[in-house]
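Everything on this sheet refers to the single structure shown next.
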């Protein structure tokens, strides 16, 4: 499973991240490519589908590309409150989770590049995070949540995104 590295919209994201400075964009691209390689080497033995199955078994329910907003933005759903933090931490290492998230965000980046070309504008990824069911036990999975929020460990140009928390409780 080859990781997606370059697309015209992806290069535009690097350039925007560097605020138009081509040298900074190139340095950022090289640094992210190296990080990708390190992460890939660390998890070369991991089967992404098998890791994803363990993540889902721990209750991390995700629905990528649930739908699209009227303007063409991609909408995704995450049910963080449904996680069993003890199972997640016991069955999926943080490195495996980071690798699975990298592949997931790479898939999103490919989709966003295609959608951006179709809509002739930079579309964004909107994540709806359902926090119903979050308890103090979820603090064990906080490093996993931070990894998820980092959009694949900063291994690609930052995607335009928004995150909405729904059904928050006091623990969330």
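Residue numbers (this note's numbering): 20 to 191. Beta carbons: idealized from backbone N, C-alpha and C, even for Gly.
DSSP places residue 149 within a strand segment (E or B) once states are collapsed to three. Residue pairing for residue 185: DSSP places it in a beta bridge opposite 149. Per DSSP, residue 143 has no beta-bridge partner at all. When DSSP assignments are scanned along the stretch 75-117, the uninterrupted stretches of alpha helix (DSSP H) that are 4 or more residues long and fall wholly within it turn out to be 104-110. Residue 169 sits in coil when the DSSP states are folded into three classes, being neither helix nor strand. Looking from the CA of residue 54, the closest CA among 134, 154, 118 and 127 belongs to 118. The beta carbons of residue 149 and residue 186 sit closer together than 8 Å.
Here the C-alpha atom of residue 155 lies approximately 43 Å from the C-alpha atom of residue 137.
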